[in-house]
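A.B. asks: After the structure tokens below, expect a handful of questions from me.
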Amino acid sequence: MSQDLYQAVILEELQHPQNKRELSDAAVSVHETNSSCGDDVTVFLKFDATGERVSEVGWQGSGCAISQAAMSLLSEKITGMLVSEIGSLGQADLESMLGLQQPIAYGRVKCLLIGLQAVKKALNINLI
């Protein structure tokens, strides 16, 4: 994917973020901040009747384009996933969702991962 297309993906997610809403009846919510750049994300999760599958995701937050676009795409990806499958998601998965052909710059890794860290913390999954 070209750099232009990568930027288009980020811009689309910023203009039309997926699942960016609070879930007042969420089963669990977690707030994460990235003190190095000010990214801020709160994740809200609901589960199916068995508690094994994420049935609905909401999130609120502010920050850089990468953190917001990654959280938007991640929220859509994990909706309907088994909790056990979410544990295997990592940096490479988020980079792929954003259309990156090479790993993200070291200084932007925390931006990329803040939403995933919040999700994993909410699910009591070991962090990346």
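Mapping of the sequence shown onto our numbering: position 79 corresponds to residue 1251, and the numbering continues sequentially without gaps.
All C-beta atoms in this analysis are idealised placements derived from N, C-alpha and C, irrespective of residue type, glycine included.
What alpha helix (DSSP H) runs, 4 residues minimum, are completely inside the stretch 1225 to 1283?
C.D. replies: If we require 4 residues or more, the alpha helix (DSSP H) runs fully inside the stretch 1225 to 1283 come out as 1237 to 1250, 1255 to 1258 and 1263 to 1270.
A.B. asks: Beta-carbon within less than 6 Å of Ile1286's beta-carbon, same chain only, minus the 5 sequence neighbours each way: which residues are those?
C.D. replies: If we look at Ile1286 and ignore the five residues flanking it on each side, its Cβ neighbours are Glu1204, Asn1206, Asp1211, Val1213 and Ser1239.
A.B. asks: Bridge partners of Glu1204, per DSSP?
C.D. replies: Val1213
A.B. asks: If we count the other Cβ atoms within 10 Å of its Cβ and call it buried at 16 or more, is Gly1230 buried or exposed?
C.D. replies: buried
A.B. asks: Can you find the residues in the same chain that come closer than 7 Å, C-beta to C-beta, to Met1173, ignoring five residues on each side of it along the sequence?
C.D. replies: Annotation note: pLDDT 44 at Met1173 (below 50); position unreliable, coordinate value reported separately. Gly1271 and Gln1273.
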